[in-house]
Ligand code: ADP
Ligand code: MG
C-alpha cells in the first residue's frame, strides 16, 4: 500500500474566545489515499470546516501533524503553505468565492497568474477547463450573470487550474437546489474517476452517497466510518 496522500495524526484545535479555549477538534486521526472520494459529515459545529481548513493549510493545528503528499504542514512557513495550496489543492466553497469583477475565464486564470503560467497557455487552459465543466459558452460572463450552479462550475474549473492532485470542498452544493447539486456531484465523481483525490463536506445524505467513504464527526472527534 502506498503512503497516504493525506495523513492527519492526532490533530487538536482550540480557538481562543476571550480567555477561554473552545475545542473544535479533539484528537482526529485519519489517512486518505490517492484516488479516494471522502465525505465528511456531522452536525453544525462538529469541526468539519476546521478539519478541512487544517488539511488545506488555511488554519494551523494546536497539536498533532498533517502531512500532504509527503509535506509536513506543521513545519511550513506561510509562503510554503501558499505554494502547497496553489499546486497541490483546489478549494471549493459553499458561496463560490468568485471575483465579482472578473469574467468566468479571468477567474479560472487567476490561480495560473499566481503560478506564473504564461498568458497564452493560461487562456487555453481556462477555455479548456470551462468546456470541461460545461460552460464553454459562458467564458466572458461575469459571476452576476451566471446561475448558482454555473458559478460553482466556474469555481470547480478554477480549482483545477494548476492541476492539483487534491480537491477540497466545503458544502459546495449547500446553496444549490437538489438537481443542480446532483449535477455538481456527478462532475466531482467524474473528476474522481479521472484520478483526483476528493475530500468534501456535506449535510445532505443524498450527496454523501456519491462518496466512496463517509466519515462522521461529532464534537471534534471521528465517530465512525
Ligand atoms: P462545522 O463546519 O462542522 O459546522 P466548525 O469547524 O466551523 O464546524 O466549528 C467547530 C467549532 O469551532 C464550533 O464550536 C465553532 O464555534 C468553533 N469555531 C470555528 N471557527 C472558529 C473561530 N474562528 N473562532 C472561534 N471559534 C471557532
Ligand atoms: Mg462548516
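Numbering (this note's numbering), first residue to last: 4 to 228. From the three backbone atoms N, C-alpha and C, an ideal C-beta is built for every residue, glycine too.
Residue range of the alpha helix (DSSP H) that residue 135 falls in? 122–135
Give me every residue whose Cβ sits closer than 6 Å to any heavy atom of the ligand ADP, in chain order. Around the ligand ADP, the residues whose beta-carbon falls short of 6 Å from at least one of its heavy atoms are 18, 20, 25, 27, 45, 47, 48, 49, 50, 51, 52, 53, given in chain order.
Would you give the residue range spanned by the beta strand (DSSP E) that residue 24 belongs to? 23–35
Buried versus exposed, by CB contacts within 10 Å (16 or more), residue 110: When all chains shown are included, residue 110 counts as buried.
When you compare the CB positions of residue 107 and residue 163, do they come within less than 8 Å of one another, or not? no
Any chance the region 142–162 sits against the region 34–45, with 3 or more Cβ pairs inside 8 Å? no
I'd like to check one pair, residue 146 with residue 103: are the Cβ atoms closer than 8 Å? yes
Name the two residues that bound the continuous alpha helix (DSSP H) containing residue 90. 81–91
DSSP state of residue 185, grouped into three classes? It is helical.
DSSP three-state assignment for residue 190, whether helix, strand or coil: Residue state, collapsed to three classes: helix.
Give the secondary structure of residue 8 by DSSP, where H, G and I count as helix, E and B as strand, and everything else as coil. coil
Expressed to the nearest angstrom, what Euclidean distance is found between the alpha-carbon atoms of residue 51 and residue 216? 15 Å
Taking contact to mean at least 3 C-beta pairs separated by less than 8 Å, is the region 49–69 in contact with the region 129–137? no
For the structure I just gave you, are there three or more beta carbon pairs, one from the region 24–43 and one from the region 79–93, closer than 8 Å? no
On a CA-only basis, which of 197, 218, 170, 221 is nearest residue 8? Give me that one, please. 170
Please go through the same chain and pick out, in chain order, the residues whose beta-carbon is closer than 6 Å to the beta-carbon of residue 16, but skip the five residues on each side of it. 27, 28, 53, 64, 65
Apart from the five residues just before and just after residue 143, which ones in its own chain have a Cβ nearer than 6 Å to its Cβ? Only 106 meet the Cβ criterion.
Taking only three categories from DSSP, how would you classify residue 149? Three-state result, residue 149: coil.
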